[in-house]
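In the working numbering, each residue's number is its place in the sequence shown (first place is 1) plus 124.
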Amino acid sequence: MSDTDLLAAARAIRERAYAPYSNFKVGAAIRTPSGAVFTGVNVENAAYPEGTCAEAGAIAAMIAGGETRIAEVAVIADAPRPVTPCGGCRQKLAEFGAGDTPVTMANLAGTEERTTLAALLPGGFTSSDMAAG
125 MSDTDLLAAA RAIRERAYAP YSNFKVGAAI RTPSGAVFTG VNVENAAYPE
175 GTCAEAGAIA AMIAGGETRI AEVAVIADAP RPVTPCGGCR QKLAEFGAGD
225 TPVTMANLAG TEERTTLAAL LPGGFTSSDM AAG
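Quick look at the structure:
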């Protein structure tokens with residue numbers, strides 16, 4: 125699957141987002157090294173901000189599907205510029221991806237930006253940071 129196909133999967137699932145409060149729908153798709161694709165959407169809650177981000181939903185689907193590694197990420201929203209994953213999602217993505225994992229961010233107008241997990245989360249916290257000294 126190409127990064128264009130991964131972005132198309134994120135775009136398609138975005139329509140299923142549950143965003144009655146902000147009307148800001150986000151779709152995310154992650155591809156694993158095996159080629160499997162898992163998608164997620166943001167799910168808002170009246171007890172704002174207790175919702176779920178699209179990236180977190182895609183990660184949960186990946187784990188439920190028996191996969192644990194991310195090879196590529198795509199995120200799309202209807203915004204003036206491509207949106208980045210929030211700080212919490214950057215950390216969540218880093219838990220399952222490598223620093224050089226590609227991330228494509230896009231908006232519905234067709235503007236795309238590409239980066240890596242390491243660029244989104246420099247100096248990210250990892251399990252090795254919890255090793256006893």
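All residues carry an ideal CB built from backbone N, CA and C; glycine is no exception.
Predicted, not measured: the structure shown is a model, and the values here were computed from it.
Close-in-space but distant-in-sequence residues of the same chain around residue i (CB under 6 angstroms, 5 per side omitted)
| i | result |
| --- | --- |
| Ala178 | Val150, Gly151, Ala152, Gly164, Val165 and Asn166 |
| Thr238 | Note that residue 238 corresponds to Arg in the displayed sequence, not to Thr. Result list for Arg238: Thr228, in chain order. |
| Ile137 | Gly151, Thr163 and Val165 |
| Ala133 | Ala153, Val161 and Thr163 |
Residue from the options whose Cα sits closest to the Cα of residue i
| i | options | result |
| --- | --- | --- |
| Ile200 | Ala160, Val227 and Ser251 | Val227 |
| Pro157 | Met186, Ile137 and Tyr172 | Met186 |
| Ala141 | Arg155, Asp202 and Ile154 | Asp202 |
| Val207 | Ala180, Glu236 and Ala171 | Glu236 |
| Ala184 | Pro209, Ile154 and Pro144 | Ile154 |
| Cys210 | Pro144, Ala180, Thr128 and Ser251 | Ala180 |
| Arg135 | Met254, Thr240 and Ala233 | Ala233 |
| Leu131 | Ala198, Thr250, Ala255 and Phe249 | Ala198 |
| Tyr145 | Asp129, Ser252 and Pro173 | Pro173 |
| Gly212 | Ala170, Ala171, Thr128 and Thr176 | Thr176 |
| Phe263 | Ala230, Thr240, Asn231 and Arg214 | The question about residue 263 has no answer, for the chain in this structure spans 125 to 257. |
Bridge-paired residues (DSSP) for residue i
| i | result |
| --- | --- |
| Val227 | Val197 and Thr239 |
| Ala153 | Thr163 and Ala198 |
| Tyr145 | Answer is none; Tyr145 lacks a bridge partner. |
Cutoff 7 angstroms; reference residue i; Cβ partners in own chain excluding five residues on either side
| i | result |
| --- | --- |
| Gly189 | Ala160 and Phe162 |
Residues near residue i in its chain [Cβ-Cβ closer than 8 angstroms; skip 5 each side]
| i | result |
| --- | --- |
| Ala139 | Per the sequence shown, the amino acid found at residue 139 is Glu instead of Ala. Correct list, in chain order: Lys149 and Gly151. |
For the structure I just gave you, are there three or more beta carbon pairs, one from the segment 215-222 and one from the segment 192-201, closer than 8 angstroms? yes
Is the segment 138-151 touching the segment 166-179 in the sense that three or more CB pairs, one from each, lie closer than 8 angstroms? yes
Inter-stretch contact at 8 angstroms, needing at least 3 Cβ pairs: the segment 211-219 / the segment 228-248: yes
Whole beta strand (DSSP E) runs in the segment 158-186 with 3 or more residues, listed along the chain? 161-165
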